[in-house]
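What follows is one structure encoded as structure tokens, with my remarks underneath.
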Amino acid sequence: MLVSATALLGATLGTVSGVLTLCGLSLLCKSCKKGKLERGDETDPEKAKPSILHTLTQFSVQKCTEPIQPQASLKFPRIYRPKPSVTSQEVINYKEHGATNDTSAAELDTCNQATEREEVFSLPRQDETLCTSEQTGAMTTSSSILYPKLHFSISLHKENGELHISIVEAENISVESGCEGYISGCVSVSEEQKHAHTAVHKLAAHVQWGEELVFALPMEGTEDTDSLDGEVALSLHCCDRFSHNSTLGTMRFKLADISMMLDADCWVDLQPPKQEVASSAGELLLSLSYLPAANRLGVVVMKARGLQSDKLKDNIDLSVKLTLKHLNAKLKKKQTRRVKHKMNPVWNEMMMLELPSELLAKSSVELEVLNLASPGTLLPLGRCMLGLHTSGTGLQHWKQMLDNPRKQIAMWHPLYT
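Per mature numbering (1 follows the signal peptide of the UniProt record, and there is no 0), the sequence shown runs over residues -18 to -1, 1 to 399.
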């Protein structure tokens, strides 16, 4: 009995001590974990050693109360200004003609017209010197065009019946480099013409002649020239390296007006020569416009009428070829589409040509109506010229275009063979 009581007491005490031991161990473990967590908050998370529960990647999230402004994802498109695609001497020496002008979107929208054929003529580059003149931004108008000027004087020798015309100099001459020229005189009296001319000089912007032209006048029975019925014409001629002569300008005055011009220094503008009278081969309707901000010339070939029917018997396949010229050099060629089986064809095609405003006064446009009679055979039906060095409707249309920039000006032009 005693032994069993002792065993029961020992078992009870052992159980109590085990429970107390377990409680002490659990409290110790909790305190240790709490201390580790407190020490872990004080340490740098970037220097913490990796473990299974702690990865190498550390995320740092910072809260910000300031509003975030959205950034635009679109960029303003870069505008490419037009550059000259021709290599004429004045275009080569022209310093970035589009750098000071802002290109307007409305004007550039009209420059998207395409043509079927296009040719660019390149001229040999002679100088590398850049033009140093500053741009004023003003567009050339018909009132600011400089025509060639001729300086001369007149003297009359009544005892010999001779008219002496002293050619002093000429200014504002616009020709290709390497051209030569001379001054010719013609006196028409009583259906009789007498000619004389100066020596040939190399042409430049200013040329000195210092020569005298002598003409014999029928002075019998007259005391002065007021009673003479006649005319005097002075012309400036240019001859290029191909021996092709062209007239740059002409001035005329009556013999009856010589008495007012005697022994006086005369400065006269030489006017462009008149177009030779020829039978018209039809008419061509054109529209011109110039965009000064984009430095572009727009030519709209609209339609034709009254073409010669005798050249359209076998086949009717009509097109218009356009040639842009600066002085005597061809800069660019374009051609419209072909219209078949129509005597009065309609094209309505726009051709855009890059042309600085400073070159408008010395440039011209030539248009020629062609018929494809057979494969590979183009027959010209007629042509017309537009520019300040032309005459008739070509000169009138060009002046109206210069006086009304950014406007479409339409006009009928006769075609000459």
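Heads up, the beta-carbon is just placed ideally off N, CA and C, and yes, glycines get one too.
query                                                                                                           : result
Continuous beta strand (DSSP E) stretch holding T180: start and end                                             : Note, T180: premise wrong, no beta strand (DSSP E); not H, not E.
Local conformation of D385 per DSSP, three classes                                                              : helix
Whether L195 touches I240 by CB criterion (8 Å)                                                                 : no
Beta-carbon proximity check, S269 vs I391, cutoff 8 Å                                                           : yes
Validate contact between the segment 305 to 314 and the segment 333 to 349 using beta carbons, cut 8 Å, 3 pairs : yes
Coarse secondary structure for S135, derived from DSSP in three states                                          : strand
Cross-strand partners of C248 (DSSP beta bridge)                                                                : F134
is_contact[K293, chain B] using C-beta, thresh 8 Å                                                              : No chain B appears in the structure shown, which is made up of a single protein chain.
Burial state of L4 (16 or more Cβ within 10 Å)                                                                  : exposed
Alpha-carbon spacing of G364 relative to T399, whole angstroms                                                  : 5 Å
Cβ contact (3+ pairs, closer than 8 Å) linking the segment 166 to 179 and the segment 281 to 291                : no
Contact the segment 183 to 200 vs the segment 148 to 163: 3+ CB pairs below 8 Å                                 : yes
CB contact flag (E158, H183, <8 Å)                                                                              : no
Through-space distance from T232 to G160, alpha-carbon basis                                                    : 22 Å
Coarse secondary structure for V157, derived from DSSP in three states                                          : coil
Three CB pairs or more closer than 8 Å across the segment 245 to 252 and the segment 127 to 136                 : yes
Extent of the continuous beta strand (DSSP E) run through A215                                                  : G212 to C221
Residue closest to N330, alpha-carbon to alpha-carbon, out of C14, L266, L361 and A355                          : L266
Reduced DSSP secondary structure (H/G/I, E/B, other) of L9                                                      : helix
G372 - DSSP class collapsed to helix/strand/coil                                                                : Strictly speaking, residue 372 in this sequence is Thr, with Gly absent from that position. The answer is coil: DSSP assigns T372 none of H, G, I, E or B.
Per-residue DSSP class, three states only, for E340                                                             : helix
Backbone secondary structure at G(-5) - three-state DSSP                                                        : helix
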